[in-house]
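Just below is one structure, and these are the notes that go with it.
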Amino acid sequence: MTFSSLGLCEPLVRAVADLGYDAPTPVQRAAIPAVLRGQDVWSSAQTGSGKTAAFLLPLLHRLSAIAPRSPRPVRALVLVPTRELAAQVLEAVGQYGRHLPRALKSVLAVGGVSANPQMLALRGGADLVVATPGRALDLAEQNALRLGAVEMLVLDEADRLLSLGFSEELDRVLALLPARRQNLLFSATFPPGVQGLAAGLLHEPARITVEASEAAPPPDIQQRALVVDTDKRTMLLRHLLDTHPWSHALVFVASRYGADHVALKLQRAGFAALALHGELSQGARTQALEDFKARRVRVLVATDVAARGLDIASLPVVVNYDLPRSPTDYLHRIGRTGRAGEPGTALSFVTADTEAHFRVIEKRHGLRLERERLPGFEPTEVAAPVLDPRGGVKGKRKSKKDKLREAAAAKGPARKP
Ligand code: AMP
Numbered sequence: 093m094t095f096s097s098l099g100l101c102e103p104l105v106r107a108v109a110d111l112g113y114d115a116p117t118p119v120q121r122a123a124i125p126a127v128l129r130g131q132d133v134w135s136s137a138q139t140g141s142g143k144t145a146a147f148l149l150p151l152l153h154r155l156s157a158i159a160p161r162s163p164r165p166v167r168a169l170v171l172v173p174t175r176e177l178a179a180q181v182l183e184a185v186g187q188y189g190r191h192l193p194r195a196l197k198s199v200l201a202v203g204g205v206s207a208n209p210q211m212l213a214l215r216g217g218a219d220l221v222v223a224t225p226g227r228a229l230d231l232a233e234q235n236a237l238r239l240g241a242v243e244m245l246v247l248d249e250a251d252r253l254l255s256l257g258f259s260e261e262l263d264r265v266l267a268l269l270p271a272r273r274q275n276l277l278f279s280a281t282f283p284p285g286v287q288g289l290a291a292g293l294l295h296e297p298a299r300i301t302v303e304a305s306e307a308a309p310p311p312d313i314q315q316r317a318l319v320v321d322t323d324k325r326t327m328l329l330r331h332l333l334d335t336h337p338w339s340h341a342l343v344f345v346a347s348r349y350g351a352d353h354v355a356l357k358l359q360r361a362g363f364a365a366l367a368l369h370g371e372l373s374q375g376a377r378t379q380a381l382e383d384f385k386a387r388r389v390r391v392l393v394a395t396d397v398a399a400r401g402l403d404i405a406s407l408p409v410v411v412n413y414d415l416p417r418s419p420t421d422y423l424h425r426i427g428r429t430g431r432a433g434e435p436g437t438a439l440s441f442v443t444a445d446t447e448a449h450f451r452v453i454e455k456r457h458g459l460r461l462e463r464e465r466l467p468g469f470e471p472t473e474v475a476a477p478v479l480d481p482r483g484g485v486k487g488k489r490k491s492k493k494d495k496l497r498e499a500a501a502a503k504g505p506a507r508k509p
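Numbering (our numbering) for the sequence shown: 93 to 509.
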């Protein structure tokens, strides 16, 4: 099967050929004809499966089929949860649309930077807007962005957009769109909590599920679990960076503080390392990511801001310095490596205190990884006992002997007759 047999116009087919795409991936094979037909799409596809092109190619095809009007009504709105992902989608629009005879106007509308240039860019309208929900709302409230003519709505990383924290903003954006429109929902995962919301948004959608085994190119990620003491993790990370020929490494931590702290320690040890987290200015975030992608920086220490959707070419390794909060986040994080058919490694540092949590992650994904101990980093910690609110140590029933000892102690010191 070829891109042109899916019904895409020649300039788009030429653009993907330029990029070296030989054949459409399974999610593209399923989604492109459905989107071209005007159908709603609900797609759960493994990260790295080519989902961006799966919605952008048919969307660009449809946008370019109609001569632009002046001012241009916004006909397609792509919503994403992070600014980085928005920038990446817009970059893909540029790549896929480069041979189209009539240039489409696409505008980025994301928070964290001044709204003025975005307002200016939106003067005279746009064919396509790629936005985070908060900024889309701000611009719409100021009448800079008019959404009343949107024909196609894409929610990329839809589960995140539909989850608490985003859903209120999303609802307000949706209220500004025409009721009759095409809806395309894409995400690697759809946890049960958001399935109802997703279903409510869609009208007779084409359901597309690409199992990991049929995803082409298949993600080839070797997952490993290294056991280590909590305070030896930075040393272990340095050791791994010293002993592996990784061109670059993405390290995930749990907090902004952790990102700064670990990046600083690595810098002091002579590694080209940077932190990436949501508290940095947008300029610093963009720069950090660019430096990392261009390999000017070898190690990026990031919070989950960086976990979703980012496409970092040929990333050989992802390290979970801190474990992710949820099994879903685990999937998103490790999906940064092993993309486009290249092999990747995902290393998780497991400490005595996080062992139980890692087992939950493993169970959810049907995994059971061997716990590796590296020489010099053998753990000595034992898990801190979890206190049961009724007293005692959770998971440890008092033995008969313990009870007798307690009873004796309560009576006071034993006296000899
Ligand atoms: P995505 O899942 O959209 O993040 O895409 C993952 C990567 O696969 C990106 O680097 C795309 O450029 C690449 N890609 C998308 N479609 C194809 C294809 N049909 N053939 C080869 N690579 C592709």
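Every residue, glycine too, gets a C-beta built ideally from N, C-alpha and C.
Asked, Found
"Any non-hydrogen atom of the ligand AMP closer than 8 Å to residue 387 Cβ", "no"
"Euclidean distance between Cα positions of residue 417 and residue 453", "9 Å"
"Residue 435 (DSSP reduced to helix, strand or coil)", "strand"
"Distance between residue 114 and residue 125 (C-alpha atoms, nearest Å)", "18 Å"
"DSSP state of residue 238 mapped onto helix, strand, coil", "coil"
"Range covered by the alpha helix (DSSP H) that runs through residue 378", "374 to 385"
"Cβ contact check for the segment 324 to 337 and the segment 355 to 363: 3 or more pairs under 8 Å", "yes"
"Limits of the beta strand (DSSP E) - the one that residue 312 falls within", "312 to 319"
"Cβ pair residue 177, residue 249 closer than 9 Å", "yes"
"Beta-bridge partners of residue 217, as assigned by DSSP", "164"
"Closer than 8 Å: residue 403 CB and nearest the ligand AMP heavy atom", "yes"
"Beta-carbon proximity check, residue 247 vs residue 256, cutoff 9 Å", "no"
"Proximity test, residue 144 beta-carbon vs the ligand AMP heavy atom, cut-off 8 Å", "yes"
"Cβ separation of residue 240 and residue 162, assumed to be a contact under 8 Å, to the nearest whole Å", "With a Cβ gap of about 17 Å, residue 240 and residue 162 do not count as contacting."
"Member of 167, 173 and 204 whose CA lies at the smallest distance from the CA of residue 275", "167"
"Which of helix, strand or coil DSSP assigns to residue 322", "helix"
"Contact between the segment 364 to 372 and the segment 185 to 195 (3+ Cβ pairs under 8 Å)", "no"
"Residue 335 - DSSP class collapsed to helix/strand/coil", "helix"
"Endpoints, beta strand (DSSP E) assigned at residue 394", "391 to 394"
"Coarse secondary structure for residue 256, derived from DSSP in three states", "coil"
"Three CB pairs or more closer than 8 Å across the segment 315 to 323 and the segment 379 to 390", "no"
"Stretch-stretch touch, CB-based, cutoff 8 Å, three pairs: the segment 407 to 423 with the segment 208 to 224", "no"
"As assigned by DSSP and simplified to three states, the class of residue 114", "coil"
"Cβ-based burial, residue 285 [other Cβ within 10 Å; buried from 16]", "exposed"
"Contact the segment 222 to 241 vs the segment 264 to 274: 3+ CB pairs below 8 Å", "yes"
"Range of the contiguous beta strand (DSSP E) that encloses residue 300", "298 to 302"
"Segment contact, 8 Å Cβ cut-off, at least three pairs: the segment 96 to 116 with the segment 174 to 189", "yes"
"Beta carbon of residue 351 nearer than 9 Å to that of residue 301", "no"
"Residue span of the alpha helix (DSSP H) that contains residue 156, given as start and end", "143 to 156"
"The alpha helix (DSSP H) enclosing residue 182, as first and last residue numbers", "175 to 188"
"Span of the alpha helix (DSSP H) around residue 287", "284 to 293"
"Where residue 231 sits in the DSSP three-state scheme", "helix"
"Option nearest residue 420 by Cα separation, candidates 283, 376, 388 and 375", "283"
"Cross-strand partners of residue 248 (DSSP beta bridge)", "278"
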